[in-house]
Amino acid sequence: MDQQTHQPEANKPELDVLGKLASRFAEYGHNASNNLSDAFTNMTLQSWIRLVVIVGGYMLLRPYIMKLGSKNFVNRMEEEDAKSKAKDKIDPDMTPNEFRGIKEKLYQAEAESDGTGADWGQKARARQRQMLKDLLEEEERRRAAENEDADIQEFLED
């Protein structure tokens, strides 16, 4: 039987690299669809309950995890900004030549420069922080509105 299955393959023309790649992806897609359909058809009651608990837990906990993560990110950004501002106050703006004792300043094109290393990206960080704060406030307003609707629903009669 092995000879019969290998014989039609021997008559096929040799595929180039792109053809082999395409056939491999088609095979992966076919295997994935078969595995997925078999997984759902062979599920027991315990498997369905486990799936519902996992998906439900994810849906319930995701907003809180996202909120916690964004707060931690905002706090970390604020700490970094505070450290960079404190460093700027401690270290005055000195050029390397002034540090070596050379008093003359070289010509610098102020309009073309991206800024010093300390304040590079400061505006972008401030915009990002403001955007995150706005998103948090919007989420809190949305949740407050949902809670308000739930409070009103308690008093409505069916």
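Following the working numbering, the numbering of the sequence shown begins with 119 at its first residue and continues without gaps.
C-beta: ideal position from N, C-alpha, C; glycine also.
Note that this is a predicted model, so its numbers are computed, not measured.
For E132, the three-state secondary structure derived from DSSP is coil. At least 7 Å separates the beta-carbon of R247 from that of V173. Closest by C-alpha distance to P181, out of W166, L253, F158, is L253. In this structure, M195 keeps its C-beta atom at 7 Å or more from the C-beta atom of R245. In this structure, S188 sits away from L133, with a CB-CB distance that is not shorter than 7 Å. Between the alpha carbons of L179 and F143 lies a gap of roughly 35 Å. The alpha helix (DSSP H) runs of length 4 or more contained entirely in the segment 144-196 do not exist; there are none.
Straight across, the Cα-Cα distance linking L186 with W166 is about 30 Å. The DSSP-derived three-state label of G219 is coil. Here the alpha carbons of E197 and R218 stand approximately 32 Å from one another. For L274, no alpha helix (DSSP H) segment is defined, and its DSSP state is neither H nor E. When DSSP states are grouped into helix, strand and coil, G239 belongs to the coil group.
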